[in-house]
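J.: I'd like to ask you about the structure that follows.
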Amino acid sequence: MSFRFKSLCFGQIGQNCKSFENSFNPTNTVKISAQDSNGLALEALSKLNRDDEGWTANTILSSGYDIQDQIKINASYTSEKQAYINVASSQNWRKDIVLSLLARTKPITIIPSAAYQNQAFALVATADAMSNHLTVTGGSSISSLGFGALLRMNYKNMGVTHAIAKLEYKISEDFVLHSAVKEFGKNIDFSLWTKLSPSISISLQASIKVPTKKTQFQGVLSSSINKKTKFSAGFHSSGKFGLSISRQVYDHVELSFTGLFDVFQATDFSAHKFGVGLNINTLY
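To convert a position in the sequence shown, counted from 1, into this note's numbering, add 27.
Here you go:
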């Protein structure tokens, strides 16, 4: 089950939790989706990825059905010959509780999960029998303060394998501070997000590895040039600089370009990566 709660976005900060990851991993993507008014949804997603070993493609076909806003059924099949079936239920007697069951092949795995959410608090628990892991994610938002936590443990040996604690403070609608403590204090992240103007926002992030005291920095500037064109530029302390430009060329067609440049290897063309994306979205 896919679940997102505002104070639990474990990616970059920002109102939409958008990151600059796409520019650091350029991909070509073609997406075609359709949905009717009776709850039946069909979707085809084809991804063409370029890496150091060449080009790889993966196609995902999925179909979903919504039964009276209470039971949602989704089935997917990928070109890698994997099948997924996900059933989620939210009964009338407790609309704040959602039960979900995901079954997948290769390897055969059944993952049950339960979620509770009200206006101020959310809690999700997921059990994966293949990895013997139980993951619990929770979060809340009280006034301008939001906090969340993730705890993953191996219930076969009863050991905690992963833990994250996050704290978010919204000074205003245009300024947000974010901090996270990972792996029991071994890694600490500090971030801030601010809107410079109605169309321009900037985010800065510092990551500290406590045992080695190694610090990394990353910054992203995002701008909506107009209603159809968006632009992002980012840098990383490792010497990487990225650009991302997307433009809506027709009502349902968007083109995007991403580039990643290595400042320390500026004369080595193979050190730079580029990607072109095409998105086609059609709703019926």
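No residue lacks a Cβ here, since even glycine has one placed at the ideal position from N, Cα and C.
In terms of residues, what are the limits of the beta strand (DSSP E) holding D155?
T.: Looking at the DSSP string, the run of the beta strand (DSSP E) that includes D155 is 148–155.
J.: On the three-state DSSP scale, how would you describe F174?
T.: F174 falls in the strand class under three-state DSSP.
J.: Closest to F148 by C-alpha separation, out of S140, K133, G166, would be which residue?
T.: F148 has its Cα closest to that of G166, out of S140, K133, G166.
J.: Going by alpha carbons, who is nearest to V114 out of A293, S199, D96, K209?
T.: When each option's Cα is compared against that of V114, the closest is D96.
J.: Find out if the Cβ-Cβ distance for the pair V237, K213 is shorter than 8 Å.
T.: Cβ atoms of V237 and K213: closer than 8 Å.
J.: Which same chain residues end up closer than 7 Å to N159 when comparing Cβ atoms and leaving out the 5 residues on each side of it in sequence?
T.: Cβ within range, chain order: N181, Y182, K183.
J.: Using the Cα positions of T105 and S199, report the straight-line distance between them to the nearest angstrom.
T.: Spanning the two alpha carbons is a distance of roughly 43 Å.
J.: Output needed for V290: all residues of its chain with C-beta closer than 7 Å, excluding positions within five of it in sequence on either side, in chain order.
T.: If we look at V290 and ignore the five residues flanking it on each side, its Cβ neighbours are G266, F268.
J.: Taking the C-alpha atoms as reference points, what is the distance between N306 and I87?
T.: If you take the alpha carbons of N306 and I87, they lie about 15 Å apart.
J.: If distances are taken between C-alpha atoms only, which option among P139, H279, K257, V276 comes closest to L270?
T.: Of the listed residues, the one whose Cα sits closest to L270 is K257.
J.: Give the secondary structure of A293 by DSSP, where H, G and I count as helix, E and B as strand, and everything else as coil.
T.: Looking at A293 - three-state DSSP - the assignment turns out to be coil, as it is neither helix nor strand.
J.: Anyone know if the C-beta pair for T188 and L177 falls short of 8 Å?
T.: Against a cut-off of 8 Å, the Cβ pair of L177 and T188 comes out as no contact.
J.: Following the continuous beta strand (DSSP E) through G304, name the residue where it begins and the one where it ends.
T.: Where G304 is concerned, the enclosing beta strand (DSSP E) stretches over 300–307.
J.: Let me check understanding here. Comparing Cα to Cα, which of D278, Q275, K254, K241 lies closest to S264?
T.: Out of D278, Q275, K254, K241, K241 has the C-alpha closest to the C-alpha of S264.
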